[in-house]
Structure formats: C-alpha cells, structure tokens
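Just so we're aligned, residue 165 is where the sequence shown starts under the working numbering, counting upward by one.
Quick notes on the structure that follows.
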Amino acid sequence: MRSFKETSKGVKAILCALVVLMVIGFGCWIAQQVYGLGITGMSNGTSWGLYICLFLLFVGLSAGGLIVAAAGSVFHVEDYEKVALPAVVTSISCILAAGALVLVDLGGAYRIWRMFTGPNFMSPLVWDMSVISLYIAMNVIELAFLVSKKPDARRKQWIASCVALPVAFLVHSVTAWILGLQIGRDWYSSIMAPLFVVSAMDSGLALLLLGLFALKKNGIFKTPRRIVSKLAVLLATTIALDAYFVGCELLSSAFPQEEHVLMTLHEMLAGATAPAFWIEVVCLLVAFVMLASRKRRANMRIVGCASALVVLSVLCKRIWLLFTSFIHPNIAYGPGISSGSLSARQSAGDAIWATASTYMPTIPEIFVALAVVSFGGFLFIVLTHVLVPKWREAHPAAAASLDGEVAAEA
Numbered sequence: 165m166r167s168f169k170e171t172s173k174g175v176k177a178i179l180c181a182l183v184v185l186m187v188i189g190f191g192c193w194i195a196q197q198v199y200g201l202g203i204t205g206m207s208n209g210t211s212w213g214l215y216i217c218l219f220l221l222f223v224g225l226s227a228g229g230l231i232v233a234a235a236g237s238v239f240h241v242e243d244y245e246k247v248a249l250p251a252v253v254t255s256i257s258c259i260l261a262a263g264a265l266v267l268v269d270l271g272g273a274y275r276i277w278r279m280f281t282g283p284n285f286m287s288p289l290v291w292d293m294s295v296i297s298l299y300i301a302m303n304v305i306e307l308a309f310l311v312s313k314k315p316d317a318r319r320k321q322w323i324a325s326c327v328a329l330p331v332a333f334l335v336h337s338v339t340a341w342i343l344g345l346q347i348g349r350d351w352y353s354s355i356m357a358p359l360f361v362v363s364a365m366d367s368g369l370a371l372l373l374l375g376l377f378a379l380k381k382n383g384i385f386k387t388p389r390r391i392v393s394k395l396a397v398l399l400a401t402t403i404a405l406d407a408y409f410v411g412c413e414l415l416s417s418a419f420p421q422e423e424h425v426l427m428t429l430h431e432m433l434a435g436a437t438a439p440a441f442w443i444e445v446v447c448l449l450v451a452f453v454m455l456a457s458r459k460r461r462a463n464m465r466i467v468g469c470a471s472a473l474v475v476l477s478v479l480c481k482r483i484w485l486l487f488t489s490f491i492h493p494n495i496a497y498g499p500g501i502s503s504g505s506l507s508a509r510q511s512a513g514d515a516i517w518a519t520a521s522t523y524m525p526t527i528p529e530i531f532v533a534l535a536v537v538s539f540g541g542f543l544f545i546v547l548t549h550v551l552v553p554k555w556r557e558a559h560p561a562a563a564a565s566l567d568g569e570v571a572a573e574a
C-alpha cells in the first residue's frame, strides 16, 4: 500500500486542483462577507439555495460510511469491519463539508457566535447543529479506535459503535425535520425523516463504493470484489426502499387534490423542477436494474456506474425537494411578495414584486460551494493516505486477509 510520500502524480495533481478551487472559493466567500448574501441567487422567495441543497446532500452522503462501519462492529459483520476505515473517513469528510456549507450560508461570519449565545431550542436547526456536532465527535472517536494498537481498542470501538449507529440515523432524521416540521411548506410530512434516512443510506453507500474503487485504483486500500458485491446488494435494497417512500409521498400528497399541493406537484412533474425529478427516477431505475442481477454485481464497472447514478439521483432529489416548495409563495395574489433578488434590487416600481419565486446560483455562490466540496475531497485523500498505513499496523490480520483475497482474484 502506498504511503502519502509515494502518492502518484495524478493524485498530487488532483490535490493541487482542489487547493486552487478552495483558494478561489475563499476569495468569493470574502466577497460575500463584504457584500452579504445579496451576491448569491437567493431572495425573499427562495431563502435557501445551493449551500443548503448541498448541505442536505452531504449530510446524506456521510451516512453510508458510518452506518457500515458501526453496523459491522456492533453486529460483528467481518466484511464490513474490514472496510470500516475508508467508510468512516468518507463519513467524516462529508459531514465536515456539510457543516462548512451551513456556516457559509449564514452570510456574515460574525453570526456564527449567535449559534452558541442565543440558540432557540425549539428550532430543528438547533437540534441539527447539536446532533451534527455529536455525529462528528463519534466519527473522530471511531477513527481513533480503528487505528489504535491498544489491546482494548476493539472493545471500546464496539461501545462507541453502539452509540454511533443510532446517532447516524438521528442526524438524518433531524435534518429531515428541518423541512418536515414546516407546516407552511409542502415539505410538511410525517415520512420526511424515513425518506431522508433511506436516501442517505443509498447515496452514502454509493459514495463509499466509489471511494473504495478510487482507493483500489491508486493502490491505497484494496477491497475484494466479493465485499464490493455484498455492499452492492445492500445498495440495491436501499434503492428499492427509496423509490417506495417517494411513491408513498407522491400518492398521499396528490390524493386529497389540494390546490396548493397540486401546483407544487405540477412544478415537480412538468414544471421548473421536473428535469431534476425525472433524472432521479431514471437514474434510480437504471441503477436498480444494474444491481439486481448477481452476474452484473460481480462486474465492478457496472457497480461503479450504478453507484455514480445513485449519487446523481439523490442530488437531483435534493434539488426538486428543496426548490419546488419555494416556487409558489403562500401569498398567492398580486402584487405577491417583494422579491429581494439581485435583479429586483436594481429595479423599481412593480418590478420589485413577484408572485412566483425563481432561483439560479450566481458565479460567486458556485465557487464558494465548489470550495467546500473541494475541502471534503481534499480531506478524504489526505486522511486515507495518513490513516490507512496506521490501520494496517493495528490490524495486520485483516490487512493480510484483504491482500490475500485481492491477490487470489487477480
């Protein structure tokens, strides 16, 4: 296995590109501090934009890793335990990126201190901040025990995993409640939390599989095809559950024939956010068909393509789920609401009003988001290069087992 000093030129080039994106994004964030969130595409009608959309995505992407690692330890699933380290590294990289996206969405950095000095404990946002902090702590604890050489590290990891597993489900439930408890929006739904949990599991598992493929290709951590196929079975199962929950939500929303809900469904099925919805449907369907066959699951390229489609589908889900409910404000008649958008602020008269909300991220907003995503990717690469050698030293038997199985498959 390669150490950090033996990193290939390709990986070093990727790291350099990620650093460049982070520097550019940081410059755009500084501009956002000066001019405020007015330089983004957000407005009074669409108060959450690209940052929160990606936050919802990355919270979900972090799920698969920690759930696989914690479940493997709690239930003594040896195959899951063998890939626990890259799984937890994937999880912590994504959840830290998610947290950073919340911070940039606050606008001014001076507002961060208010999260600690004036929290409203009746707000799901405060619940989410608290449980994400706990989630990050559990990831760090899991990593510490995974690379520890102490004799009792395995027992302590089992105890930590018993806590981490329910926390992993809780963090995605609380994130869902940020949307699902808003009675004034069409997100208001009792199954929003289960919907978020299952979509987090399929996207997180898909990202873990993509990460395992990347690590194997670069000689950092080699995972046998048998374990990949086993994870692919779990991924196919969560895809089916994801589709089931979406279908239940569509039926329960459409059946009462409420006017405002039907307007939202029209936007989702044939309006502004329809492309995202139908891309999600097609990607999930294709990915499930690709993984439904044992023969296809044995083909690593097919598993990789299916995993990429799942991540894309969940990104599209976050887009239509978040933005569809912003299109039609609760004030349905003219003149509507004051838009507050960049174009409206440069206008006068009736042009400042809007009866429907539109959103398009601006260039600075995109680069700030890219910087945070790059931070997550950079963290994953660095942590795997640093921690994999330590894990191999702490778990020589498991490392030898993986190496032997991979060699036998060659």
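We put the beta carbon where it would ideally sit given N, CA and C, even for glycine.
Are the CB atoms of E422 and C480 within a distance shorter than 8 Å?
Position 316 of the sequence shown holds residue 480. Position 258 of the sequence shown holds residue 422. Using a Cβ distance threshold of 8 Å, C480 and E422 do not count as a contacting pair.
Could you tell me if G174 is buried or exposed, where buried requires 16 or more neighbouring beta carbons within 10 angstroms of its beta carbon? Locating residue 174 in the sequence shown gives position 10, counting from the first residue. Taking all protein chains in view, the Cβ of G174 is surrounded by fewer than 16 other Cβ atoms within 10 Å, so the residue is classified as exposed.
Status (buried if at least 16 other CB within 10 Å, exposed otherwise) for C447: One-based indexing of the sequence shown puts residue 447 at position 283. When all chains shown are included, C447 counts as buried.
Let's see if you can read the secondary structure: which residues bound the alpha helix (DSSP H) around A233? The count along the sequence shown starts at 1 and reaches residue 233 at position 69. Residues 214–238.
Measure how close the beta-carbons of G271 and L379 come, nearest whole angstrom, since I'm counting them as under 8 Å.
-> Numbered from its first residue, the sequence shown carries residue 271 at position 107. Numbered from its first residue, the sequence shown carries residue 379 at position 215. G271 to L379, Cβ: 37 Å. No contact.
C-beta atoms of A251 and V223 nearer than 8 Å: Walking along the sequence shown from the start, residue 251 turns up at place 87. Walking along the sequence shown from the start, residue 223 turns up at place 59. No, they are not a contact pair.
Q) Is R389 closer than 8 Å to A456 when the C-beta atoms are compared? A) Within the sequence shown, numbered from 1, the residue matching residue 456 stands at position 292. Within the sequence shown, numbered from 1, the residue matching residue 389 stands at position 225. Cβ distance not < 8 Å, so A456 and R389 don't count as in contact.
Notebook entry, point to check: Does DSSP put A562 in a helix, in a strand, or in coil?
Noted result: As a first step, residue 562 is located in the sequence shown; it is residue number 398 there, counting from the start. A562 falls in the helix class under three-state DSSP.
Report task. Would you kindly check if the distance between the Cβ of L343 and the Cβ of V475 is under 8 Å? Result -> Stepping through the sequence shown from its first residue, residue 475 is reached at position 311. Stepping through the sequence shown from its first residue, residue 343 is reached at position 179. Not closer than 8 Å, so no.
query: What are the start and end residues of the alpha helix (DSSP H) that includes Y408?
result: Numbered from its first residue, the sequence shown carries residue 408 at position 244. Where Y408 is concerned, the enclosing alpha helix (DSSP H) stretches over 389–418.
Should D316 be labelled buried (16 or more other beta-carbon atoms within 10 Å of its own) or exposed? Position 152 of the sequence shown, counted from the start, is the residue given in the question as residue 316. It is exposed - the Cβ of D316 has fewer than 16 other Cβ atoms within 10 Å.
- Nonlocal neighbours in the same chain, by C-beta distance under 7 Å from I393, ignoring five residues either side: Stepping through the sequence shown from its first residue, residue 393 is reached at position 229. In the sequence as presented, Ile is not what sits at residue 393; that position holds Ser. Its chain contains R461, A462 as the residues whose beta carbon lies nearer than 7 Å to that of S393, once the 5 sequence neighbours on both sides are disregarded; these appear in chain order.
CA-CA distance, T387 and V304? Counting from one through the sequence shown, the residue named residue 387 turns up at place 223. Counting from one through the sequence shown, the residue named residue 304 turns up at place 140. Straight-line spacing of the CA atoms in T387 and V304 works out to 23 Å.
### Message
Threshold first: 4 residues or longer. Then list the alpha helix (DSSP H) segments lying entirely within the segment 465–531, N to C.
### Response
If we require 4 residues or more, the alpha helix (DSSP H) runs fully inside the segment 465–531 come out as 506–509.
Specify, as a first and last residue, the run of the alpha helix (DSSP H) that N284 falls within. Locating residue 284 in the sequence shown gives position 120, counting from the first residue. Element bounds for N284: n/a, residue is neither H nor E.
> Do V241 and W291 come within 8 Å of each other at the CB atom, strictly closer than that value?
Replying inline: As a first step, residue 291 is located in the sequence shown; it is residue number 127 there, counting from the start. As a first step, residue 241 is located in the sequence shown; it is residue number 77 there, counting from the start. Here W291 is not near V241, since their CB atoms are 8 Å or more apart.
query: Under the rule that 16 or more other beta-carbon atoms within 10 Å means buried, what is A308, buried or exposed?
result: By 1-based counting over the sequence shown, the position of residue 308 is 144. By the Cβ-count criterion, A308 is exposed, with fewer than 16 other Cβ atoms from all chains shown falling within 10 Å of its own Cβ.
* Asked: Could you give the uninterrupted runs of the beta strand (DSSP E) lying entirely in the segment 278–352, keeping only those of 3 residues or more?
  -> None, since the segment 278–352 contains no complete beta strand (DSSP E) of that length.
**Q.** N-terminal and C-terminal residue of the alpha helix (DSSP H) that A273 is part of
**A.** Locating residue 273 in the sequence shown gives position 109, where the first residue counts as 1. Looking at the DSSP string, A273 is not in any alpha helix (DSSP H), and its letter there is neither H nor E.
Given a cut-off of 8 Å, decide if G228 and L369 are closer than it, judged by their beta-carbon atoms.
Stepping through the sequence shown from its first residue, residue 369 is reached at position 205. Stepping through the sequence shown from its first residue, residue 228 is reached at position 64. In this structure, G228 lies closer than 8 Å to L369 by Cβ.
**OP:** State the CB to CB distance for the pair A340 and F360, rounded to an integer number of angstroms; the pair is presumed to be in contact (CB under 8 Å).
**Re:** In the sequence shown, the residue the question calls residue 340 occupies position 176. In the sequence shown, the residue the question calls residue 360 occupies position 196. With a Cβ gap of about 4 Å, A340 and F360 count as contacting.
inquiry  = Given a cut-off of 8 Å on the beta-carbon distance, is the pair L249 and L218 in contact?
reply    = For this step, residue 249 is matched to residue 85 along the sequence shown. For this step, residue 218 is matched to residue 54 along the sequence shown. L249 places its beta carbon 8 Å or farther from that of L218.
Taking the alpha-carbon positions, what's the L220 to D406 distance? Translated into the one-based positions of the sequence shown, residue 220 becomes position 56. Translated into the one-based positions of the sequence shown, residue 406 becomes position 242. Using only the alpha carbons, I get a separation of about 16 Å.
Determine, using beta carbons only, whether K313 and L566 come nearer to each other than 8 Å.
-> Position 149 of the sequence shown holds residue 313. Position 402 of the sequence shown holds residue 566. No. Outside cutoff.
- Between the CA atoms of A400 and S325 - distance to the nearest angstrom: Looking up residue 325 in the sequence shown gives position 161. Looking up residue 400 in the sequence shown gives position 236. For S325 and A400, the gap between their C-alpha atoms comes out near 24 Å.
Q: Quick one: residues in its chain with C-beta nearer than 8 Å to the C-beta of L374, no 5 flanking neighbours on either side, listed in chain order?
A: Taking the sequence shown and counting its residues from 1, the one referred to as residue 374 is at position 210. Cβ-Cβ distances below 8 Å link L374 to G468, S471, A472, V475 in the same chain, with the five nearest sequence neighbours on each side left out; the list follows chain order.
### Query
Helix, strand or coil: which one does DSSP assign to G209?
Against the sequence shown, residue 209 aligns to sequence position 45. G209 sits in coil when the DSSP states are folded into three classes, being neither helix nor strand.
* How should M524 be labelled, buried or exposed, when 16 other C-beta atoms within 10 angstroms of its C-beta is the threshold for buried? -> Numbered from 1 along the sequence shown, position 360 holds the residue referred to as residue 524. Burial is judged here by how many other beta carbons sit within 10 angstroms of a residue's own beta carbon; M524 has fewer than 16 and is exposed.
Exercise. When you compare only the Cα positions, how much space is there between R465 and Y299?
Worked result: By one-based count along the sequence shown, residue 465 stands at place 301. By one-based count along the sequence shown, residue 299 stands at place 135. In this structure, the straight-line span from the alpha carbon of R465 to that of Y299 is close to 32 Å.
(request) Name the two residues that bound the continuous alpha helix (DSSP H) containing V362. (result) Along the sequence shown, read from residue 1 onward, the residue named residue 362 stands at position 198. Taken as a continuous stretch (DSSP letters only), the alpha helix (DSSP H) holding V362 covers 356–381.
Exercise for the section: Whole angstroms is fine: what's the gap from R349's alpha carbon to S489's? Expected result: The residue given as residue 349 occupies position 185 in the sequence shown. The residue given as residue 489 occupies position 325 in the sequence shown. When rounded, the distance between both Cα atoms is 6 Å.
ask   = Considering only C-alpha positions, which residue in the set G541, E573, E569 is nearest to V184?
value = Here residue 184 refers to the residue found at position 20 when the sequence shown is read from its first residue. The shortest Cα separation from V184 among G541, E573, E569 belongs to G541.
Is the separation between the beta-carbon of N284 and that of S503 shorter than 8 Å?
Locating residue 284 in the sequence shown gives position 120, counting from the first residue. Locating residue 503 in the sequence shown gives position 339, counting from the first residue. Cβ atoms of N284 and S503: not closer than 8 Å.
#### Entry: C-alpha gap between M432 and F441, whole angstroms
Position 268 of the sequence shown holds residue 432. Position 277 of the sequence shown holds residue 441. Their Cα atoms are separated by approximately 6 Å.
| said: Using 8 Å as the threshold, is the C-beta distance between W322 and V238 below it? | reply: For the purposes of this step, residue 322 is identified with residue 158 of the sequence shown, where counting begins at 1. For the purposes of this step, residue 238 is identified with residue 74 of the sequence shown, where counting begins at 1. For W322 and V238, yes; Cβs fall inside 8 Å.
Once DSSP output is grouped into helix, strand and coil, what is the label at T204? Mapped onto the sequence shown, residue 204 falls at position 40. When DSSP states are grouped into helix, strand and coil, T204 belongs to the coil group.
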